[in-house]
Amino acid sequence: MTTSNPFLIHSQENVVIKNSDDKSWVFEVGKDGNLWADFLQMTDDLKVVVNLQDVNARCQINCAYLTNKNNKINIDIKVLHKSKNTTSEQHIKGIATDESRVSFKGIIEIPKSSQKCDGRQHHRGLVLSPKAKIEATPQLEIWADDVVCSHGSAIGPLDVNQLFYLQTRGLSESEAKKILLSSFLGDLMPEEFSDTIQQWMDENA
Amino acid sequence: MKKEQSDLLNVVNSPYKEGFETVVETEYAPKGLNENVIRYISHKKDEPEWLLDFRLKSFRHWQTMTEPHWFHGTYDPIDYQDIYYYSAPHKKAPKSLDEVDPEVLKTYEKLGIPLKEQKALSGVAVDAIFDSTSIGTTYKEELKKRGILFCSFNEAVHEYPELVKEYLGSVVPYTDNFFACLNSAVFSDGSFVYIPKGVQCPMELSSYFRINARQAGQFERTLIIADEESSVSYLEGCTAPQRDENQLHAAIVEIIVKDRANVKYSTVQNWYPGDKNGKGGVYNLVTKRGLVMNDAKLSWTQVETGSAITWKYPSCILKGDNAMGEFYSVALTNNYQQADTGTKMIHLGKNTTSTIISKGISAGFSSNTYRGLVQMGANATNAKNVSKCDSLLIGDKCGAHTIPVMKCANETATIEHEATTSKISEEQLFYAMQRGLSAEEAVGLIVNGFCHEIMQKLPLEFAIEAQKLIGVQLEGSVG
Amino acid sequence: MTALLEIKDLHANVGNKEILKGLNLTIKAGEVHAIMGPNGCGKSTLSAVITGNPAYTVTAGEILFKGEDLLKMTPDERANKGVFLAFQHPIELPGVGLAQFLKAALNAKRKANGEEPIDAVQFMKYMNVRATALGISNEMLKRPVNVGFSGGEKKRLETFQMAMLEPDFCILDEMDSGLDVDALKVVGQGVSVMREPKRSFMIITHHDDLLQYVTPDQVSIMRDGQIIKTGGPELVEQVEASGYDNF
Numbered sequence: 570m571t572t573s574n575p576f577l578i579h580s581q582e583n584v585v586i587k588n589s590d591d592k593s594w595v596f597e598v599g600k601d602g603n604l605w606a607d608f609l610q611m612t613d614d615l616k617v618v619v620n621l622q623d624v625n626a627r628c629q630i631n632c633a634y635l636t637n638k639n640n641k642i643n644i645d646i647k648v649l650h651k652s653k654n655t656t657s658e659q660h661i662k663g664i665a666t667d668e669s670r671v672s673f674k675g676i677i678e679i680p681k682s683s684q685k686c687d688g689r690q691h692h693r694g695l696v697l698s699p700k701a702k703i704e705a706t707p708q709l710e711i712w713a714d715d716v717v718c719s720h721g722s723a724i725g726p727l728d729v730n731q732l733f734y735l736q737t738r739g740l741s742e743s744e745a746k747k748i749l750l751s752s753f754l755g756d757l758m759p760e761e762f763s764d765t766i767q768q769w770m771d772e773n774a
Numbered sequence: 041m042k043k044e045q046s047d048l049l050n051v052v053n054s055p056y057k058e059g060f061e062t063v064v065e066t067e068y069a070p071k072g073l074n075e076n077v078i079r080y081i082s083h084k085k086d087e088p089e090w091l092l093d094f095r096l097k098s099f100r101h102w103q104t105m106t107e108p109h110w111f112h113g114t115y116d117p118i119d120y121q122d123i124y125y126y127s128a129p130h131k132k133a134p135k136s137l138d139e140v141d142p143e144v145l146k147t148y149e150k151l152g153i154p155l156k157e158q159k160a161l162s163g164v165a166v167d168a169i170f171d172s173t174s175i176g177t178t179y180k181e182e183l184k185k186r187g188i189l190f191c192s193f194n195e196a197v198h199e200y201p202e203l204v205k206e207y208l209g210s211v212v213p214y215t216d217n218f219f220a221c222l223n224s225a226v227f228s229d230g231s232f233v234y235i236p237k238g239v240q241c242p243m244e245l246s247s248y249f250r251i252n253a254r255q256a257g258q259f260e261r262t263l264i265i266a267d268e269e270s271s272v273s274y275l276e277g278c279t280a281p282q283r284d285e286n287q288l289h290a291a292i293v294e295i296i297v298k299d300r301a302n303v304k305y306s307t308v309q310n311w312y313p314g315d316k317n318g319k320g321g322v323y324n325l326v327t328k329r330g331l332v333m334n335d336a337k338l339s340w341t342q343v344e345t346g347s348a349i350t351w352k353y354p355s356c357i358l359k360g361d362n363a364m365g366e367f368y369s370v371a372l373t374n375n376y377q378q379a380d381t382g383t384k385m386i387h388l389g390k391n392t393t394s395t396i397i398s399k400g401i402s403a404g405f406s407s408n409t410y411r412g413l414v415q416m417g418a419n420a421t422n423a424k425n426v427s428k429c430d431s432l433l434i435g436d437k438c439g440a441h442t443i444p445v446m447k448c449a450n451e452t453a454t455i456e457h458e459a460t461t462s463k464i465s466e467e468q469l470f471y472a473m474q475r476g477l478s479a480e481e482a483v484g485l486i487v488n489g490f491c492h493e494i495m496q497k498l499p500l501e502f503a504i505e506a507q508k509l510i511g512v513q514l515e516g517s518v519g
Numbered sequence: 014m015t016a017l018l019e020i021k022d023l024h025a026n027v028g029n030k031e032i033l034k035g036l037n038l039t040i041k042a043g044e045v046h047a048i049m050g051p052n053g054c055g056k057s058t059l060s061a062v063i064t065g066n067p068a069y070t071v072t073a074g075e076i077l078f079k080g081e082d083l084l085k086m087t088p089d090e091r092a093n094k095g096v097f098l099a100f101q102h103p104i105e106l107p108g109v110g111l112a113q114f115l116k117a118a119l120n121a122k123r124k125a126n127g128e129e130p131i132d133a134v135q136f137m138k139y140m141n142v143r144a145t146a147l148g149i150s151n152e153m154l155k156r157p158v159n160v161g162f163s164g165g166e167k168k169r170l171e172t173f174q175m176a177m178l179e180p181d182f183c184i185l186d187e188m189d190s191g192l193d194v195d196a197l198k199v200v201g202q203g204v205s206v207m208r209e210p211k212r213s214f215m216i217i218t219h220h221d222d223l224l225q226y227v228t229p230d231q232v233s234i235m236r237d238g239q240i241i242k243t244g245g246p247e248l249v250e251q252v253e254a255s256g257y258d259n260f
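Chains as they are written, first to last, in the numbering used here: chain A, 570 to 774; chain B, 41 to 519; chain C, 14 to 260.
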């Protein structure tokens, strides 16, 4: 089982990276800049701060977490719309099993002068075992009126209706679960991580 | 006479007698808080020993606590020694409505509040208040027939001490938080409701309370017990702006909802919010919580438009299996108001469900925060929560914040939260104005539409008043 | 017949782009006046400027309505003077019931005319007569304004609002776009029933669809921000036969 927490930065047009290490990142996205980064967290904490500094800066942060045993991880993602006309999107999805604990905190902050911003964040967590825990605090801090902002967060088990549907098609419960789990992350994570994810699924699903 | 003597004796025998004699002569305790003041309050109310003990225990604990500061915003520090904790000396009551601030009267008119109530609300010294006593009496007799107990908290202490003793502090312990602890030490008065097993309360417990609420003081304490299979709908507050010289309000509402019982608690809060520049206004720091047993349901509905500071999280502890909790809220802030309000849904039992719908509207320079906690305990098998929080911003100098916390420790429980922030679109405004509505009317109408889901949950007469209230509160917020 | 609406040398922008470029138009009282033109000629801009949509800026010219300067008025003042716009894309007002909305609008108009607000019973009567005539069900009246209605239903509701508010000047902005025959009939009927000597209509359209149900008194052809020709109903046939290129 791997202990790495891979990341991939797809796009960093006009982005200054001021990170200290792989667990803690500060991105500054300049005018017309574009940041697209993916993170996969399994054992380590992650802290990401994105500052959208100038007009038309945009970012997409994707993060998946897969935790097992008694691992405890904290994921902190903060997007600051420091300039007007900036756009952000965050997708966070994860699975916690065994006795692992995940604490996810996500903030979208839009200060007064940053009109016409669009900030979105989606989180979905699956709790797979009785002793696993997921905590989520998605936070909106909005001080400008002409903005579009939303967040959604859902924590729960696998959808029983989906499970049932697959079973009526002849799959056993465990096979059905496996399919749902491996499709849970969808195409959130890049091809490069698929071996790591597959290995985790094989060992834990 | 005899009674007074024995009271005095108690006082004399008490270990903290210094300075007390001077106090007993006056109609009010001096400013500040110490054990003597608490003894004075208890003595004035002729309270039994156990209640005095409860107050003292609370006070001693309170002294070890520090005021919490996680509130989203800022306010001037509260000097707890600069407050009257019993019957502040009243300013001279106005003799007629002519002496009342015309601005206040204008607002009453816009809300369509009857003249009698206007007088009562603005503190005019006439029989309007006494009228209400007779309304209260009719109600009480009707309720008594069914075994429903509905009276002031102080009355209950004397009439039904066993019930009060059993349930006081059972949902909100005096150690719960700083403001609840303060209330437990110094609470003034409030309401007490007991619905016996199997009884459906035949009326909204409201009209009586609406007029009498003003007498409850700044440290209200409400206790509602719905016995098994009973139901009641309780209405607190008033759409009329309520002025109060007391800046600090720290109330407690405790509700016990027994097996298969159903309680609906609706609030319209319109305490003085301070002036247009943010001067003055009530700090409303409230602890409201219900304990919900098997197959029982507790529903909170609130429309919060007043107060300079609102700090309030009506909560449900869903202890029994299949217990249900609901929270429906409209919080509107204008000028320099700050509201930090939301709910806590603590799922302990199996198959417990909760629904949260919150609508926050910020205008002017105000700040409006939704803060919520949904917690699924380890035994909350198949528990479900759905939350929806929408914020509307009017103008570019206000703020809207959403801080939901979700904790899930059960692998079969589900939590779903959704939140949006937006503004009134130019197109909507133009469309309504094209039909002849002024900008202000149009905004009022659109905001009421935004709150429609919540308004529907209010008892009808109140919903209509609350709608008008939203319009009135938004005045001046449209450029 | 006297002029109800007079537009003189009207120039208007969206952002920095000039859309209306010196438009002149007169509509008389009691007249049904069709404005026809190709897409992008500024037809909808004209309706927006007459009603005071803040997204458009008038840079020159004047609009007189009943002899008064319309451009000085806010959108609601114009509405209460009797200017009504049936929107091409009616706006949704979530949570605002249609009946509640119309009562507020009706009372705003009564207030502007120095009349007492209408009482609830009277209002219901007044509304039900008009709703029945246009096939608007009770259930539709309870629903929020324009939320969850089909395109055809929305247009029918705009016609209904027009019938409720009894304006002196009705602008129908591309009411016929995307409508089936049944809905067209309802809109056409609504206009025909309301046609009277004091009331004028400005029907903005691209095709002759709606004009088959309402025969206009006057037809103006619009191109590139100006009215280039005004004539009788025969212009409609010309457009249908050979398009706008020949004007």
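All residues carry an ideal CB built from backbone N, CA and C; glycine is no exception.
Going along the chain, which residues of its own chain have a beta-carbon closer than 6 Å to the beta-carbon of residue i, five neighbours each way excluded?
{"i": "B:Trp340", "result": "Tyr305, Pro354, Phe367"}
{"i": "B:Ala253", "result": "In this predicted model, B:Ala253 has a pLDDT of only 42, less than 50, meaning its place in the structure is not dependable enough to derive any value."}
{"i": "B:Thr434", "result": "The question names Thr, but residue 434 of chain B in the sequence shown is Ile. Closer than 6 Å at Cβ, skipping near neighbours: Ala403, Ser517."}
Measure the CB-CB distance between residue i and residue j and report whether it falls below 7 Å.
{"i": "A:Ala713", "j": "A:Ser683", "result": "yes"}
{"i": "B:Ala506", "j": "B:Val293", "result": "no"}
{"i": "A:Val618", "j": "A:Lys647", "result": "yes"}
{"i": "B:Cys221", "j": "B:Trp351", "result": "no"}
{"i": "B:Ala459", "j": "B:Met416", "result": "no"}
{"i": "C:Thr87", "j": "C:His24", "result": "no"}
{"i": "A:Lys702", "j": "B:Ala449", "result": "yes"}
{"i": "B:Ala290", "j": "B:Leu325", "result": "yes"}
{"i": "B:Thr114", "j": "B:Val212", "result": "no"}
{"i": "C:Asn159", "j": "C:Pro103", "result": "yes"}
Going by beta carbon distance, what residues of the same chain come within less than 8 Å of residue i, once the five residues before and after it are set aside?
{"i": "A:Glu710", "result": "Ile676, Ile677, Glu678, Ile679"}
{"i": "C:Asn120", "result": "Pro130, Ile131"}
{"i": "A:Val624", "result": "Lys600, Asp601, Ser652, Lys653, Asn654, Thr655"}
Less than 8 Å between the CB atoms is what I'm expecting for residue i and residue j, so what's the real figure, rounded?
{"i": "B:Ala336", "j": "B:Lys298", "result": "6 Å"}
{"i": "B:Ile486", "j": "B:Ala503", "result": "The pair is not a contact, with the Cβ atoms about 17 Å apart (cut-off 8 Å)."}
{"i": "C:Val96", "j": "C:Tyr69", "result": "About 15 Å; that fails the 8 Å criterion."}
{"i": "A:Thr666", "j": "A:Asn773", "result": "5 Å"}
{"i": "C:Lys155", "j": "C:Ala42", "result": "With a Cβ gap of about 36 Å, C:Lys155 and C:Ala42 do not count as contacting."}
{"i": "A:Phe762", "j": "A:Leu695", "result": "No, A:Phe762 and A:Leu695 are not in contact; Cβ-Cβ is about 18 Å, not under 8 Å."}
{"i": "A:Ile664", "j": "A:Leu697", "result": "6 Å"}
{"i": "A:Cys718", "j": "B:Thr461", "result": "4 Å"}
Only counting the same chain, and skipping five residues up and downstream in sequence, which positions put a Cβ closer than 7 Å to that of residue i?
{"i": "C:Arg91", "result": "Thr64, Gly65, Leu83"}
{"i": "B:Asp122", "result": "Lys71"}
{"i": "C:Lys198", "result": "Tyr226"}
{"i": "B:Ala256", "result": "For B:Ala256, the predicted structure reports a pLDDT of 48, less than 50, and the residue's modelled location is therefore unreliable. The matter cannot be settled from this model."}
Margin query: With three or more C-beta pairs closer than 8 Å as the rule, is the region 732-743 of chain A touching the region 490-504 of chain B?
Written below: Under the Cβ criterion (8 Å, minimum of three pairs), the region 490-504 of chain B does not count as touching the region 732-743 of chain A.
Q. Unbroken alpha helix (DSSP H) runs of length 4 or more, entirely within the region 226-253 of chain C: which are they?
A. None, since the region 226-253 of chain C contains no complete alpha helix (DSSP H) of that length.
query: Are there three or more Cβ pairs, one per stretch, closer than 8 Å when the region 75-83 of chain C is compared with the region 242-258 of chain C?
result: Judged by pairs of C-beta atoms under 8 Å, the region 75-83 of chain C does not touch the region 242-258 of chain C, as fewer than three such pairs exist.
- Task: Give a yes or no on contact between the region 424-431 of chain B and the region 395-413 of chain B, applying the rule of three or more CB pairs nearer than 8 Å.
- Result: Short answer: they touch.
* **At least 3 beta-carbon pairs within less than 8 Å: the region 125-144 of chain C vs the region 220-228 of chain C** => Output reads no: the region 220-228 of chain C does not touch the region 125-144 of chain C.
Report task. Take every Cβ of the region 85-95 of chain B, pair it with every Cβ of the region 188-207 of chain B, and state whether three or more of those distances are shorter than 8 Å. Result -> Inter-segment contact for the region 85-95 of chain B and the region 188-207 of chain B is present: three or more beta-carbon pairs are separated by less than 8 Å.
Could you pull out every unbroken beta strand (DSSP E) segment of at least 3 residues lying fully inside the region 188-224 of chain B, listed in chain order?
Here the runs fully enclosed are 189-192.
Runs of alpha helix (DSSP H) wholly within the region 697-743 of chain A (minimum 4 residues, chain order): Complete alpha helix (DSSP H) runs here, min 4: 729-737.
Quiz prompt | Contact the region 476-486 of chain B vs the region 719-729 of chain A: 3+ CB pairs below 8 Å | solution = Not touching, per the Cβ criterion.
Which runs of the beta strand (DSSP E) spanning at least 3 residues fall entirely within the region 391-438 of chain B, listed in chain order? Complete beta strand (DSSP E) runs here, min 3: 393-402, 407-416, 424-433.
Handout entry: Ordered list of alpha helix (DSSP H) runs contained in the region 158-217 of chain C, each at least 4 residues
Key = The region 158-217 of chain C is shown to contain whole alpha helix (DSSP H) runs of 4 or more residues at 164-178, 194-207, in chain order.
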